[in-house]
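S.K.: Taken in order, the sequence shown gives residues -29 to -1, 1 to 401; the numbers are from mature numbering (1 follows the signal peptide of the UniProt record, and there is no 0).
A virtual CB, placed ideally from N, CA and C, is assigned to each residue, including glycine.
Would you mind keeping the following structure in view while I ask a few things?
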Amino acid sequence: MAYFATSWSPSLPFLISALICLANHIAVAQPEHVRSLCPDTETVAPTSQYQTNVDTLIFFLSSNTTRWKIAYNATAGNGANQVYGSYFCRYDQTSAFCEECISLAIDSLIADCRGRKESIVWYDQCFVRYSNESFYGTMIDAPMIAYWNTQNPVGIQNITSNQTAFMQVLLGVLGVVSSQAANGGPPQMYATEEDTFVGNLTSMSTIFSLAQCTPDISMSDCSTCLQMTIGNVTELCDMKGGCNVMCPNCNIRYDINAFYGDALTPLSVPSPPPSSGDASRRNALIVGISISAGVILLGACIFVWKMKSKKALTVKYSGAALVTEAEEIESVESLNGYMAPEYIAAGYFSVKSDVYSFGIIILELVSGLRKKYFRQQENNESLVYRSVPLPSPTVPLFVTGDTDNSIERGTDQPAIVLEVMENITELYPR
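Dropping the structure here:
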């Protein structure tokens, strides 16, 4: 018996994840080119307006693979030089695989069919096409081609001794899967189905089938297209154990080995294709909305930052907010309600202010004197310093006068001292 010493490393989970991703990447089959159909009945000059529109269309198709994932239609140009195009992926493929397949198909289209009025390129799980005639929403069942694994072609005779029974099971399961796909309705119109048959040595084997239509045609057109492909299975597939029959609007496939994956999340199908001008306006609108959203988001961030900064500064510069029981206030100037000594003593606030409290107003009304001159001058005498001792009156009186020439009102009343400063009202009460 062998024993192994093990130790845990923090990087081990990352290493395992990397190995799994690498294994999955290696295991996934790459898109395989099937056929490029480039009719040479009509050609165009490389510098013609039509070819320029074809190049623009190809750009539209390649730049929208990540948006629509499964299918996309577009147009470029107008009038006699208008060109129509589309791409289509098999529904059970991932968006990354679809994007890769379309990219390869577009490369093949450029390499094999440049200068042609119309072309179509098939890969095993996608196709790209363009034409000078509109085909959106129109069921087209030609051309129709069949494709099977040429490296490992398995004939029906190699998998069953009863070929007639196998064909009955095959046509039956294809009829079921085509009906399910057509009845699914757009945008999906995709279905898979399985059935069993008696293989060699009387063992039961499984046959897998798939049917799909492009999302731009109706359910009835989808059913018609699939029935026509099924009708050509016997002739086109040459009695193979696995085959894929394809035309521009539908395809049907069967195999004795599982070949399809989980379906993608259903997507909304784009509306009829815009012209090149509409596409430009749409791109401009998207860019404008993105920029506006970015500006709004930036403004919101700045506003929040400003509010936080303002709040922090308020706490920072408020001396009272920072004082605790164990601390003393060293600078009273920062506290609310603080008054400068010259303000309290002389009532001086600015050269334009001549009153600052109700008490001074009363003194001015009674004495007929101003608190101070309006303009600042040297040796100005404040009204505050004109308070003098007076006899205590029976009824309180407000009397002012010079310190040397006091004025009495009622000689029988006891004298009181009028302290103006007790009547001062603070601008910012403590």
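(1) Shortest alpha-carbon distance to residue 36 belongs to which of 72, 22, 6?
(2) Give me the Cα-Cα distance between residue 196 and residue 126, rounded to the nearest whole angstrom.
(3) Check for me: the beta strand (DSSP E) holding residue 130 runs from which residue to which?
(4) For residue 137, which of helix, strand or coil comes out of DSSP?
(5) Using the three-state DSSP reduction, which class does residue 166 fall into: helix, strand or coil?
(6) For residue 206, is the classification buried or exposed, using 16 other Cβ atoms within 10 angstroms of its Cβ as the cut-off for buried?
(7) Quick one: give me the first and last residue of the beta strand (DSSP E) that residue 12 is part of.
(8) Could you tell me which whole beta strand (DSSP E) segments of length 3 or greater appear in the segment 39 to 92?
(9) Closest to residue 54 by CA distance: which of 25, 75, 60, 69 is it?
(10) How big is the Cα-Cα spacing for residue 175 and residue 130?
(11) Compute the beta-carbon to beta-carbon distance between residue 34 and residue 84, rounded to the nearest angstrom, for a pair I have assumed lies under 8 Å.
(12) Mapping DSSP to helix, strand and coil, what is residue 153?
(13) For residue 229, write down the residues that DSSP places opposite it in a beta bridge.
(14) What does a CB cutoff of less than 6 Å around residue 164 pick up in its chain, not counting 5 residues either side in sequence?
(15) Contact check, residue 222 vs residue 159 under 8 Å by CB: the rounded distance?
(16) In three-state DSSP terms, what is residue 215?
(17) I'd like to confirm the pairing. Which residues does DSSP put opposite residue 178 in its beta bridges?
(18) Find the nearest neighbour of residue 74 within the set 108, 20, 3, judged by alpha-carbon distance.
(19) Would you identify the three-state DSSP class for residue 105, choosing helix, strand or coil?
M.R.: In short, the structure shows the following:
(1) Walking along the sequence shown from the start, residue 36 turns up at place 65. Measuring from the Cα of residue 36, the nearest candidate turns out to be 72.
(2) Here residue 196 is taken as the residue at index 225 of the sequence shown, counted from 1. Here residue 126 is taken as the residue at index 155 of the sequence shown, counted from 1. Cα to Cα, the separation comes out at about 26 Å.
(3) Locating residue 130 in the sequence shown gives position 159, counting from the first residue. Element bounds for residue 130: n/a, residue is neither H nor E.
(4) Mapped onto the sequence shown, residue 137 falls at position 166. Three-state result, residue 137: helix.
(5) Residue mapping note: residue 166 aligns to position 195 of the sequence shown, counting from 1. DSSP places residue 166 in strand when its eight states are reduced to three.
(6) What you label residue 206 is simply residue 235 of the sequence shown in a count that begins at 1. Exposed.
(7) Position 41 of the sequence shown, counted from the first residue, corresponds to residue 12. Looking at the DSSP string, residue 12 is not in any beta strand (DSSP E), and its letter there is neither H nor E.
(8) 42 to 47, 54 to 60
(9) Within the sequence shown, residue 54 is the residue found at index 83, counting from 1. Of 25, 75, 60, 69, the residue nearest in Cα terms is 25.
(10) Here residue 175 refers to the residue found at position 204 when the sequence shown is read from its first residue. Here residue 130 refers to the residue found at position 159 when the sequence shown is read from its first residue. Between residue 175 and residue 130, the C-alpha separation is close to 11 Å.
(11) The count along the sequence shown starts at 1 and reaches residue 34 at position 63. The count along the sequence shown starts at 1 and reaches residue 84 at position 113. 20 Å between Cβ atoms; not a contact.
(12) Position 182 of the sequence shown holds residue 153. In this structure, residue 153 counts as helix in the three-state DSSP scheme.
(13) As a working note, residue 229 is residue 258 in the sequence shown. DSSP, once it has assigned bridges, lists no residue as partnering residue 229.
(14) As a position in the sequence shown, residue 164 is number 193, starting the count at 1. Around residue 164: 144, 147, 148, 180.
(15) Position 251 of the sequence shown, counted from the first residue, corresponds to residue 222. Position 188 of the sequence shown, counted from the first residue, corresponds to residue 159. In fact, because the Cβ distance is near 14 Å, the residues do not count as touching under 8 Å.
(16) To locate residue 215, count along the sequence shown from 1; it is residue 244. Strand.
(17) Translated into the one-based positions of the sequence shown, residue 178 becomes position 207. Paired residue(s): 166.
(18) Looking up residue 74 in the sequence shown gives position 103. It is 3 whose Cα lies nearest to the Cα of residue 74.
(19) For this step, residue 105 is matched to residue 134 along the sequence shown. Coil, per DSSP.
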